[in-house]
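Enquirer: Take a look at this one; I'll ask things after.
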């Protein structure tokens, strides 16, 4: 079955560290983006890491996050069986410990990101460690990703912007104390605690963090969040320094809406009555000479376009990230 758990995902990250590529971790909240991503990844022979936030789970479950996770988990598992690549699910930016415990009990996700990065360093460590211990107590193979951004306790002593870059030695302390399997770092992308700050992208800092971890016997995969504005050459530079997971969400959201917009604006008179015709949508235009064209307004028409566009976008991203041709599960 190609919808795999944490043990198999760990082997992908090991290969990524050895070969210098990264997985594009792609957020979903509904099926069209998910199916487009599977098609794009399969086309390029790349393993696929899907992501769901708590908000996405609530959306998919009509307000019930657990129901949404179950529904999308079943959907992913069923559709993934059509493909010969490895498909994984990461729970993105989780803050609700009760929901995290339910995720572990359900054994649906391959990995979970606990986000306590807005907390002071020691509280971030404690919360992240608590989640790692949940997994250990359940004897689960779910991987845990944690995030370290602000430098602990020194914001008043250094330039304000510098406080939002991850410090290499603190990264070592953080991974050592939490036992996290992956570490999301702040190196200048517009995300999380650094969002809205005028930060310079720092590939050199990713290298320093990677080297500091290795010097202490920690071969921890690094994660880049907030990458939608990062250009291909910048991303490829990051991948040289232990970045194995690169999050993408906003790009897909835009492509979804832009693709639907392009489809509908090509033939507006097939959807919206022209000037002079009463907009009698409540009676479905049964008293007008004009009527909408089902060949255009059927949601499946735009849905297919969206899937194709998402597939193309993700296929391109697998080439940029180097994961194309690297599937371990063909």
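Residue numbers (the UniProt record's numbering): 1 to 330. We put the CB at the ideal spot given by N, CA and C, even for glycine.
Let me check understanding here. Comparing Cα to Cα, which of 125, 221, 200, 293 lies closest to residue 346?
Expert: There is no way to answer for residue 346, as the model of the chain reaches only from 1 to 330.
Enquirer: Taking the DSSP output, what are the residues bridged to residue 247?
Expert: Beta-bridge pairing links residue 247 to 25.
Enquirer: Using the three-state DSSP reduction, which class does residue 223 fall into: helix, strand or coil?
Expert: Strand, per DSSP.
Enquirer: Where DSSP assigns a beta bridge to residue 87, which residues make up the other side?
Expert: Partner(s): 3, 48.
Enquirer: Just list the residues that DSSP pairs residue 112 with in beta bridges.
Expert: BP columns for residue 112 point to 91, 144.
Enquirer: Check each candidate in 170, 80, 76 and name the one with the smallest Cα separation from residue 120.
Expert: Comparing Cα positions, the closest option is 170.
Enquirer: Does the beta-carbon of residue 232 have 16 or more other beta-carbons within 10 angstroms, so that it is buried, or is it exposed?
Expert: Residue 232 should be labelled exposed.
Enquirer: Using the rule of at least 16 other Cβ atoms within 10 Å of the residue's Cβ for burial, across every protein chain shown, is residue 291 buried or exposed?
Expert: So residue 291 ends up on the exposed side.
Enquirer: Span of the beta strand (DSSP E) holding residue 185?
Expert: Unbroken beta strand (DSSP E) run through residue 185: 182 to 185.
Enquirer: For the alpha helix (DSSP H) containing residue 188, name the first residue and the last one.
Expert: Taken as a continuous stretch (DSSP letters only), residue 188 belongs to no alpha helix (DSSP H), as it is neither H nor E.
Enquirer: Going by C-alpha to C-alpha distance, which of 254, 109, 182, 26 sits closest to residue 145?
Expert: Considering only alpha carbons, the answer is 182.
Enquirer: Secondary structure at residue 53, three-state DSSP: helix, strand or coil?
Expert: Strand.
Enquirer: Given a cut-off of 8 Å, decide if residue 37 and residue 88 are closer than it, judged by their beta-carbon atoms.
Expert: No; because the gap between Cβ atoms is not below 8 Å, this pair is not in contact.
Enquirer: Can you tell me whether DSSP reads residue 82 as helix, strand or coil?
Expert: Residue 82 falls in the coil class under three-state DSSP.
Enquirer: Is it a yes or a no for the stretch 280 to 290 touching the stretch 7 to 25, going by three-plus beta-carbon pairs under 8 Å?
Expert: No contact exists between the stretch 280 to 290 and the stretch 7 to 25.
Enquirer: Should residue 268 be labelled buried (16 or more other beta-carbon atoms within 10 Å of its own) or exposed?
Expert: Exposed, since its Cβ has fewer than 16 Cβ neighbours within 10 Å.
Enquirer: Could you give the distance in angstroms between the alpha-carbon of residue 311 and the alpha-carbon of residue 305?
Expert: Each residue's Cα considered, the two are about 10 Å apart.
Enquirer: Taking Cβ positions, are residue 100 and residue 131 nearer each other than 8 Å?
Expert: Their beta carbons are under 8 Å apart, which means residue 100 touches residue 131 by this criterion.
Enquirer: Where does residue 167 land, buried or exposed, given buried means 16+ other C-beta within 10 angstroms?
Expert: So residue 167 counts as buried.
Enquirer: Relative to the C-alpha of residue 336, which candidate in 134, 227, 259, 257 has its C-alpha closest?
Expert: This structure gives no information on residue 336, because the portion of the chain shown stretches from 1 to 330.
Enquirer: Quick one: grab the DSSP three-state call for residue 175.
Expert: Helix, per DSSP.
Enquirer: So is residue 258 buried or exposed if we call it buried at 16+ other beta carbons inside 10 Å?
Expert: Residue 258 is exposed by the Cβ-count criterion.
Enquirer: Consult DSSP for residue 36 and reduce its assignment to one of helix, strand or coil.
Expert: Reduced to three states, the DSSP call for residue 36 is helix.
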